[in-house]
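**Student:**
2 protein chains.
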Amino acid sequence: MARRSQTETAVLGGLSMQPMTAYALREAIRDVLGHFWSESFGQIYPTLNALEQQGHVERREGPRSGSSTFVITASGTARLRELLSEPIAASPPRNGLLLRLFFGRTLGVRKCRELLLEAKADAERSLAEYDDLARTLSAEEEGSPDLPYVLMTVSAGGHGAEGVIAWADEALAMLAGIPADDSTNDATPTDGES
Amino acid sequence: MARRSQTETAVLGGLSMQPMTAYALREAIRDVLGHFWSESFGQIYPTLNALEQQGHVERREGPRSGSSTFVITASGTARLRELLSEPIAASPPRNGLLLRLFFGRTLGVRKCRELLLEAKADAERSLAEYDDLARTLSAEEEGSPDLPYVLMTVSAGGHGAEGVIAWADEALAMLAGIPADDSTNDATPTDGES
DNA sequence: GTGTGCATGTAATGAGTTACATGATTAC
DNA sequence: GTAATCATGTAACTCATTACATGCACAC
């Protein structure tokens, strides 16, 4: 747990695929890892400096004057392997959609339906994106030893999206069974008694 | 965005289902919302105090001397409705499993397989739990106006777990297609050149 | 009378995000 | 020359978690 927590993993991992400038690294993390991981960019530079001091990465001449390309060292690869082998620290769940639906009685049937339709549309859109991405990557990165692993994570996104779609359909059906009671929607609260 | 960010929503939502002590609330959040939401308990008490000062909850005699039961007020219900209607602030994705698999070339085929088998087993276990939970709740809370909404969130958990299982099978099949190259596992890194 | 669980809170810490500040290079 | 983009960093701030501190009440 060398602090920098998982930022270290993401940074070393990115550099394990290819040497990059810090700038390129942060774009890679945003665009490529972005589907399932995020890093605060404010920590990438400090982490790179720390890793350099520990000898896990080396600074080389960058593509421009003043810029540096970072290259992972053998010790960095070992460190990455170590980090990847650590038990997965489950980040606390925070599903804003489910939080809203859970209190759906207060939110109202109509808004719940809207949320579900929106979630379903989002999932359908991202499912299409994942399919595209898988096809593009298979073609462009053909033969790369990283490809199968990358495809696995893309596939996870796809299955997740499919799960959301199936769930949304089910939930919409359940919603349809609830009397579209407008008193729970925007009218006076049902604080009848006591 | 009254700060206390979403803690406010969870607290008001919990009290919208029934009046509780702060202690009971934090257990409810842990046990019931726990599948898709988490709150740092250190924020529940301050949030309750803030809500009390704003008139969104009222403090009543608790079940013991010195303890208080909190009751949501009409303005609290209105506030909750407002909070639930706010756009969903997507929390940054942080999937530790996918982060590891993405760098699977470095981690090694064997450990990837272990991770996937573990994830699949976890998903199967929680799928069974969700099924149980749905059955139990349907029986125990029969007739509650909150029940259908609660069941929707349970169903989301189930579909999610099913998605993970399907994905894990696919990913394991992909893994099987990779030469179980032990050089990428624990042997010397493939830092051949330069 | 004592231990377990109910009950209430606060302080310290640490992690993560944003916004800011700065400058070089390249394309137009 | 000037706008966009590459490039590097830091400081301030918010947010969240953990651990700690305290005490009552009820069952045994």
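If you read the sequences in order, they're chains C and U. Heads up: the first sequence is residues 1 to 194, going by UniProt numbering. Heads up: the second sequence is residues 1 to 194, going by UniProt numbering. Heads up, the beta-carbon is just placed ideally off N, CA and C, and yes, glycines get one too.
To the nearest angstrom, report how far apart Gln54 of chain U and Ala180 of chain C are at their CA atoms.
**Tutor:** Sequence index remark: in the second sequence, residue 54 of chain U carries index 54 (1-based). Sequence index remark: in the first sequence, residue 180 of chain C carries index 180 (1-based). C-alpha separation (whole angstroms): 31 angstroms.
**Student:** Mapping DSSP to helix, strand and coil, what is Leu51 of chain C?
**Tutor:** The sequence position of residue 51 of chain C within the first sequence is 51, counting from 1. Looking at Leu51 of chain C - three-state DSSP - the assignment turns out to be helix.
**Student:** Could you tell me whether the Cβ of His159 of chain C comes closer than 9 angstroms to any Cβ of chain U?
**Tutor:** Counting from one through the first sequence, the residue named residue 159 of chain C turns up at place 159. Yes, His159 of chain C counts as interfacial toward chain U.
**Student:** Look up Ile29 of chain U in the DSSP assignment and say whether it is helix, strand or coil.
**Tutor:** Within the second sequence, numbered from 1, the residue matching residue 29 of chain U stands at position 29. In the structure shown, Ile29 of chain U sits in a helix (DSSP, three-state: H, G or I).
**Student:** Could you pull out every residue in the same chain whose Cβ sits closer than 8 angstroms to the Cβ of Thr69 of chain U, ignoring the five residues on either side in sequence?
**Tutor:** For the purposes of this step, residue 69 of chain U is taken as residue 69 along the second sequence, with counting starting at 1. Only Pro19, Met20, Thr21, Arg59, Arg60, Glu61, Gly62 and Pro63 meet the Cβ criterion.
**Student:** So for Glu39 of chain U, helix, strand or coil by DSSP?
**Tutor:** Within the second sequence, residue 39 of chain U is the residue found at index 39, counting from 1. Here Glu39 of chain U sits in coil by DSSP.
**Student:** What's the call for Gly163 of chain U, buried or exposed, on a 16-neighbour Cβ count within 10 Å?
**Tutor:** Working through the second sequence from its first residue, we reach residue 163 of chain U at position 163. Gly163 of chain U is buried by the Cβ-count criterion.
**Student:** For Glu141 of chain C, which three-state DSSP category applies?
**Tutor:** One-based indexing of the first sequence puts residue 141 of chain C at position 141. It is coil, neither helix nor strand.
**Student:** In this structure, does DSSP put Arg59 of chain C in helix, strand or coil?
**Tutor:** Stepping through the first sequence from its first residue, residue 59 of chain C is reached at position 59. Arg59 of chain C falls in the strand class under three-state DSSP.
**Student:** Can the beta-carbon of Leu115 of chain C be found closer than 9 angstroms to that of Leu101 of chain C?
**Tutor:** Within the first sequence, residue 115 of chain C is the residue found at index 115, counting from 1. Within the first sequence, residue 101 of chain C is the residue found at index 101, counting from 1. Taking 9 angstroms as the Cβ cut-off, Leu115 of chain C and Leu101 of chain C qualify as a contacting pair.
**Student:** Between which two residues does the beta strand (DSSP E) carrying Thr21 of chain C extend?
**Tutor:** Stepping through the first sequence from its first residue, residue 21 of chain C is reached at position 21. From DSSP, Thr21 of chain C is part of no beta strand (DSSP E); its letter is neither H nor E.
**Student:** Check whether the region 94 to 111 of chain U and the region 36 to 54 of chain C touch, using three or more Cβ-Cβ pairs below 8 angstroms as the test.
**Tutor:** Taking 8 angstroms as the limit for Cβ pairs, the verdict is that the region 36 to 54 of chain C does touch the region 94 to 111 of chain U.
**Student:** How is the beta strand (DSSP E) around Thr69 of chain U delimited, first residue to last?
**Tutor:** For the purposes of this step, residue 69 of chain U is identified with residue 69 of the second sequence, where counting begins at 1. Its beta strand (DSSP E) spans residues Ser68 to Ile72.
**Student:** For Thr9 of chain C, which residues of its own chain have a beta-carbon under 6 angstroms away from its beta-carbon, when the five flanking residues on both sides are left out?
**Tutor:** Residue mapping note: residue 9 of chain C aligns to position 9 of the first sequence, counting from 1. Closer than 6 angstroms at the Cβ level, and outside the excluded window around Thr9 of chain C, lie Leu83.
**Student:** Could you tell me whether the Cβ atoms of His159 of chain U and Ala166 of chain C are closer together than 9 angstroms?
**Tutor:** Numbered from its first residue, the second sequence carries residue 159 of chain U at position 159. Numbered from its first residue, the first sequence carries residue 166 of chain C at position 166. Yes, the pair counts as a contact, with Cβ atoms nearer than the cut-off.
**Student:** For residue 198 of chain C, which residues in chain U fall below 7 angstroms Cβ to Cβ?
**Tutor:** No answer is possible for residue 198 of chain C: the residues shown for chain C start at 1 and end at 194.
**Student:** Once you ignore the five residues that flank Ile88 of chain U on each side, which residues in its own chain have a CB closer than 6 angstroms to its CB?
**Tutor:** Walking along the second sequence from the start, residue 88 of chain U turns up at place 88. Excluding residues within five positions, none has a Cβ falling inside 6 angstroms.
**Student:** Between the C-alpha atoms of Thr7 of chain U and Ala24 of chain U, what's the straight-line distance to the nearest angstrom?
**Tutor:** For this step, residue 7 of chain U is matched to residue 7 along the second sequence. For this step, residue 24 of chain U is matched to residue 24 along the second sequence. Answer to the nearest angstrom: the Cα atoms are 15 angstroms apart.
**Student:** Chain C beta carbons: is any one of them nearer than 9 angstroms to that of Val57 of chain U?
**Tutor:** Counting from 1 along the second sequence, the entry for residue 57 of chain U is found at position 57. Val57 of chain U does not count as touching chain C.
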